[in-house]
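I have placed the structure first, in the form of structure tokens, so that the comments after it can refer back to it.
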Amino acid sequence: MRLVSWLVTPLSWLWFSDEDSVAEYAPFGDSGVESSYFDRFSNEVVVEFTLSGSRDSRVISETALTLLSDVWVLSPDRALIRLDRAQLEDFQRLLPSPLPVTTVIGDIPRAVVTSYPLTRKSKDPRREFLPFAETQALANMSIGSSWEGLPIGARLTSDTDLLVVCGLQGREWASVALCLQLMEEHPELSIVPVANPDGYIYSWETDRLWVKNRQPTGINLCPGHDIATAAFDIEPPSSVPPCSDDWAGRGRQTPLEARAIRDVAARFSRLVAIQGLSGSSNTQVSLRGNWTVLSVPDFGMGYLLPKRHIDANYQEIMAVLQKLL
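When the letters of the sequence shown are read in order and numbered with mature numbering (1 follows the signal peptide of the UniProt record, and there is no 0), they come out as residues -19 to -1, 1 to 306.
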């Protein structure tokens, strides 16, 4: 069995054959996607700011945090921000000086809906997810449970001291697919393909752009904790509010998923976390020991290293990239 269905429906690629594959995408049809997406995102756009260094990047990060805007990419030379059209003027007004800005996605509803397949084998991805921990072909154990009780499946081997973690953010379908492909092609690797099962399922069933898990924060309108920030010591901006995608909780509020990842990671000397480009903390990654965060953008082909990666790990990171390629 080849993983030919890995862009079709969540985790169905674990057991579908070539004949089961469906590769058609369309804005409407038997996709299970409600038309409410057009109401929810109709006034939103994705804009690109052209930056001139880390100072501009820091200003963009702080402004996005103030307005709770969705940061897709943040680097010293560019930033992609999702926000309401009416909010763009406020965003620009909060900047110390004007920055060049262009609209890169003007129709978010259509972009969101067309990311779902036209036809899906199952309209209940949760039903497909539950057998994951018992799917011996790729996963051999569960390292813990999510807030909603879903298993966090993994394949752990003794062939290498490297652990690869994917699916930290709910909407990162590409990173999940990549990890599952690695599981088939590199049986020697220890892999956690879906570190955030609740967020992953929620992105299929309710909100395609959902990032965090589904653990309560104490504010009913803003559930969810950022697993990557909690698990890998990524340094979020100061004074992060619970409604931010960078919120990782405090003290005993540490996400259950992050605890599970930390516990299993302690058994390995090297760790690579594959995550998409989102969240305003992308340029503030803190590397702990030999742990490395590798970003894989869902909307483009490429691999990007954290801004503050250290030279001592460079060759190791490149070796992992060669395996991914």
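Backbone N, C-alpha and C define an ideal beta-carbon position, used for all residues, glycine too.
Proline 178 and arginine 195 have their alpha carbons spaced roughly 9 Å apart. Assigned with DSSP and collapsed to three states, phenylalanine 72 falls in helix. If you draw a straight line from the Cα of alanine 158 to the Cα of glycine 148, it is about 9 Å long.
When the alpha-carbon of glycine 205 is set against those of Val54, Ala212, Pro197, the nearest one is in Pro197. Of the candidates Leu80, Ala239, Arg152, Arg152 places its Cα closest to the Cα of serine 96. For glycine 230 against valine 175, the beta-carbon gap comes to about 20 Å, at or over 8 Å, which does not count as contact. By the criterion of a C-beta distance shorter than 6 Å, serine 50 is surrounded in its chain by Ile62, Leu64, once the five residues flanking it on both sides are discounted. Ranked by Cα distance from proline 132, the options Leu170, Thr141, Ile182, Ala92 are led by Ile182. The secondary-structure analysis by DSSP pairs threonine 83 across a beta bridge with Glu29. Secondary structure at proline 178: helix, using DSSP grouped into helix, strand and coil. Around the Cβ of cysteine 224, a 10 Å sphere holds fewer than 16 other Cβ atoms; the residue is exposed. The residue from Ile242, Ile86, Leu69 with its alpha-carbon nearest to that of proline 79 is Leu69. Pairing valine 54 with alanine 45 gives a Cβ-Cβ distance that is not under 7 Å. A residue is called buried once 16 or more other Cβ atoms fall within 10 Å of its Cβ, and alanine 247, having fewer, is exposed.
Taking the Cα positions, valine 26 is about 42 Å away from glutamate 169. The beta carbon of aspartate 88 sits closer than 8 Å to no other beta carbon from its chain once the five residues preceding and following it are set aside. Here leucine 202 has no same chain residue with a Cβ atom under 6 Å from its own Cβ, once five neighbours each way along the sequence are excluded.
If one requires a minimum length of 3 residues, the beta strand (DSSP E) runs lying completely within the region 150 to 217 are 171 to 173, in chain order.
Just measuring C-alpha positions, the residue of Pro90, Pro57, Val94, Thr47 sitting nearest aspartate 71 is Thr47. Between aspartate 227 and alanine 211, the alpha-carbon positions lie close to 9 Å from each other.
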